[in-house]
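The structure appears below as structure tokens.
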Amino acid sequence: SSAEPLNPAAYDDYLNGRFHWNRISQAGMETALGYFQQALEKEPNFAQAHAGVAQVWAGRQQMGYVSPAEAGPQAREALALALAADSTLFEVQYVAALVRTWVNWDWEGGEESFRKTIALNPEFADARAYYSNLLMFLDRGEECERQADQAMELDPLKPLVQALQGHVLMFRNRLDEAVSIYLDALRTAPENPVPGTGLQRAYFKQGMHREALQQAGLYFTTLTGQEITETLLRTFAEGGSEEAWRLVAEAWAARTERPTPNPTIIAELFDRAGDRDQAMWWLERGYEVRDPSLPYVNANRFSDSLGSDPRFQGLQRRLNLPVSQETAG
């Protein structure tokens with residue numbers, strides 16, 4: 408296409424895989440969307456710009472800036488236009504993989520698009536990193552580990568790639584390694600929520616509740632401006648870990664400034680508090696609103712007691728995800 412985006416450097420970031428929802432703020436997404444739309448005014452069939460629009464909407468949904476009910480149709484429409492314009496571009500297939508996996512919950516379609524992306528550009532680390540997480544949802548452990556390792560070989564210093572490998576290491580119960588890779592990512596991008604929340608989970612799985620609660624308090628404060636860390640640590644010291652985690656869960660549940668206040672995360676926090684009923688209520692809420700984080704129910708984030716609950720297993724089946732042997736009972 409002969410179309411020139413108004414900010415070539417910003418568009419180069421997209422083409423080189425640096426444009427991603429967890430690297431930019433809500434305002435940054437608005438700016439990126441404006442550039443993509445202005446590029447489309449010059450060239451309506453600019454496939455990469457349509458893909459960029461789809462990725463912005465998927466990112467808005469993932470971060471909870473807009474509801475899936477609003478973002479999903481916008482992402483699908485822009486993706487359809489991108490595919491119609493040129494489905495042979497790896498950038499277009501990559502966004503197709505993201506939308507089909509995290510917006511549509513279409514595991515087969517997502518995998519097909521990831522495979523096409525990798526075939527078109529085997530050196531694109533982001534695609535392999537995200538593909539590893541889809542394979543994790545599907546309980547294909549060796550394959551997900553292989554893709555995550557290949558992504559790290561291609562781009563070992565990128566926080567996104569590091570964090571997604573951390574998720575795979577968590578899934579494989581390699582907790583010490585997960586902690587190490589999350590810390591590496593945070594040294595480069597301390598504001599990035601993906602390694603931050605991953606580190607919190609890894610600490611919790613290791614039984615390091617104080618460290619996990621500190622990380623949870625830091626993340627909550629970063630997003631909301633409300634300082635709760637001291638209260639959490641005092642509650643932990645006086646009442647134990649479950650009471651402290653309940654405070655975190657209730658603080659998240661009380662947030663009203665976003666359309667959907669991260670129901671899967673809230674379910675995870677209530678699970679840590681030992682409240683299976685509340686955890687399941689929020690997981691069902693996540694299913695109703697199509698929370699893009701819900702597929703991570705298969706990522707070793709929930710307790711064995713919740714995993715053995717028939718309600719949890721029923722949710723896995725409704726999502727067309729495997730019920731692992733340890734949760735099948």
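For the sequence shown, this note's numbering assigns the number 408 to the initial residue and increments by one for each residue that follows.
Quick reminder that beta carbons are idealized off the backbone N, C-alpha and C, glycines included.
Check	Outcome
Would you grab the beta carbon distance between Ala491 and Val460 for me? Rounded to a whole angstrom, and I think it's under 8 Å.	Contact flag wrong, Cβ pair sits at about 13 Å.
Name the two residues that bound the continuous alpha helix (DSSP H) containing Val499.	Phe497 to Leu505
Give me the Cα-Cα distance between Thr495 and Leu527, rounded to the nearest whole angstrom.	8 Å
Taking the alpha helix (DSSP H) that Gly714 falls in, what are its first and last residues?	Asp711 to Gly714
Going by DSSP in three states, Trp428 sits in which element: helix, strand or coil?	For Trp428, the predicted model reports a pLDDT of 33, less than 50, meaning its position is unreliable and no value from the coordinates is stated.
Please list, in chain order, all residues of the same chain as Phe677 whose beta carbon is under 6 Å from its beta carbon, the five residues on each side excluded.	Ala656, Gln685 and Ala686
Hey, Leu564 and Tyr537 are a contact pair by Cβ (cut 8 Å); roughly how many whole angstroms apart?	Contact doesn't hold; Cβ gap of about 18 Å is too wide.
Measure the alpha-carbon distance for Phe741 versus Arg708 and round it to whole angstroms.	What the structure shows of the chain is the stretch from 408 to 736, and residue 741 is not part of that stretch, so it cannot be assessed.
If you run the structure through DSSP and keep just helix, strand and coil, what is Pro597?	coil
Measure the Cβ-Cβ separation of Gln481 and Pro475 and say whether it is below 7 Å.	no
For Ala706, tell me which candidate among Leu576, Thr508, Asp513 and Glu550 has the shortest Cα-Cα distance.	Leu576
Quick one: measure Cβ to Cβ for Phe643 and Leu620, integer angstroms, because I've assumed they're closer than 8 Å.	6 Å
Grab the span of the alpha helix (DSSP H) containing Asp533 for me, first residue to last.	Ala532 to Phe544
Take every Cβ of the region 585-596, pair it with every Cβ of the region 556-575, and state whether three or more of those distances are shorter than 8 Å.	yes
From this set, Phe544, Glu437 and Val502, which residue's C-alpha is nearest Leu728's C-alpha?	Phe544
Can you tell me whether Arg724 is buried or exposed, with buried defined as 16 or more other CB within 10 angstroms of its CB?	exposed
Quick check: the Cα distance between Gln569 and Asn452, rounded to an integer number of angstroms?	34 Å
In three-state terms, what does DSSP make of Tyr589?	helix
Under a Cβ-count criterion, where at least 16 other Cβ atoms within 10 Å of its own Cβ denotes burial, should Gln462 be classed as buried or exposed?	buried
Reducing DSSP to helix, strand and coil, say where Asp419 ends up.	Note that Asp419 has pLDDT 46, beneath the 50 cutoff, so the model's placement of it is unreliable and no number is given.
Please state the DSSP three-state secondary structure of Arg747.	Outside the shown range of the chain (408 to 736) lies residue 747, about which nothing can therefore be said.
Within the continuous alpha helix (DSSP H) that includes Gln554, where are the two ends?	Gly548 to Leu561
To test your reading of the DSSP string, which unbroken alpha helix (DSSP H) runs of 4 or more residues are found completely within the region 437-519?	454-470, 475-493 and 497-505
Would you mind stating whether Glu498 and Gln444 have Cβ atoms separated by less than 7 Å?	no
Identify whether Lys523 lies in helix, strand or coil by the three-state DSSP scheme.	helix
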